[in-house]
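Asks:
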Ligand code: PGA
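In my numbering, the protein residues as written are 8 to 266.
(1) What distance in whole Å lies between the Cβ atoms of residue 72 and residue 17, which are believed to be in contact at a cut-off of 8 Å?
(2) Report the three-state DSSP secondary structure of residue 13 (helix, strand or coil).
(3) Starting from residue 53, follow its DSSP beta bridges and name the residues at the other end.
(4) For residue 224 and residue 138, I'd like the C-alpha separation in whole angstroms.
(5) If you draw a straight line from the alpha carbon of residue 26 to that of residue 53, how long is it in whole angstroms?
(6) Beta-carbon within less than 6 Å of residue 30's beta-carbon, same chain only, minus the 5 sequence neighbours each way: which residues are those?
(7) Would you say residue 228 and residue 214 are within 9 Å of each other, going by their C-beta atoms?
(8) How many Å lie between residue 216 and residue 112 at the Cα?
(9) Three or more C-beta pairs under 8 Å: does that hold for the segment 158-171 against the segment 113-132?
(10) When the Cβ atoms of the segment 37-46 are set against those of the segment 84-100, are three or more pairs found closer than 8 Å?
(11) When DSSP labels each residue in this structure, what does residue 248 get in the three-state scheme?
(12) Give me the residue from 222, 256, 251 and 220 with the minimum Cα distance to residue 230.
(13) Does DSSP put residue 68 in a helix, a strand or coil?
(14) Tell me whether residue 231 counts as near the ligand PGA, meaning its Cβ is closer than 8 Å to at least one heavy atom of that ligand.
(15) Which class does residue 192 belong to by DSSP, given the choice of helix, strand or coil?
What follows is the structure, given as structure tokens:
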């Protein structure tokens with residue numbers, strides 16, 4: 008059975024108290040999965056900045072299986088006059104090993120562009136954090152037949168500053184914008200098509216087969232998990248809404264693999 012990565016993007020949700028409660032619930036709900044965690048299943052959560060330390064503390068004090076920890080964004084540089092930003096050393100101090108880069112909400116709501124995303128990708132490797140690179144088309148782009156053109160630009164610009172070995176370590180997450188938070192997931196065939204195409208493109212960009220990891224994200228939940236995660240080009244899920252409760256989050260894996 009392939010290894011599944013189940014990553015929970017909490018977005019602007021979960022206070023410190025809710026985060027601490029989540030971790031205790033996670034330890035209980037993940038108990039039956041303890042034997043597969045780390046081997047067949049890798050779980051990570053991405054709380055908001057203000058809850059990272061609470062997550063870290065809970066991970067050290069609660070006994071039982073725990074997820075890996077990541078942040079939802081980061082800025083380049085270690086410190087300096089960048090009001091409102093947080094650096095990689097600050098995230099590492101909170102126990103983060105991963106960081107989401109280029110989520111569509113940052114691209115579309117907060118105006119984050121490809122040149123900055125590329126710099127963030129480079130900074131992650133310079134400082135030792137694994138980037139989870141999000142990419143995907145809007146409904147308008149899909150309907151205009153421009154989805155692959157848009158995604159090719161997003162992917163090529165993000166990996167341009169990376170070596171082939173670095174590109175191989177990135178966790179890529181295909182998230183069609185029209186499927187995020189809408190309840191309307193891509194079909195398994197649509198997601199498979201893009202994930203398989205992405206792997207070919209990234210291998211071509213790296214100059215060799217680099218065994219890329221590509222997640223699908225966009226309205227993933229227990230009821231559609233088996234169909235999506237069974238597709239051979241899909242290596243896991245980046246989950247928003249369904250990741251806010253440990254039980255519904257982990258149900259995504261058990262729906263795929265059986266409990
Ligand atoms: P969703 O969000 O699962 O709530 O659609 C996914 C994401 O934006 O990562």
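For glycine and all other residues, C-beta sits at the position ideal for the given N, C-alpha and C.
Replies: Reading it off the structure:
(1) The Cβ separation is near 18 Å, so there is no contact.
(2) strand
(3) Note: residue 53 sits in a beta bridge opposite 16.
(4) 15 Å
(5) Rounded to whole angstroms, residue 26 to residue 53 spans 11 Å at the Cα level.
(6) Short of 6 Å from the beta carbon of residue 30, and not among the five residues preceding or following it, lie these beta carbons of its own chain, in chain order: 65 and 69.
(7) no
(8) 30 Å
(9) yes
(10) no
(11) Secondary structure of residue 248 (DSSP, three-state): helix.
(12) Distances from the alpha-carbon of residue 230 to those of 222, 256, 251 and 220 put 256 closest.
(13) helix
(14) no
(15) Correct three-state label for residue 192: coil.
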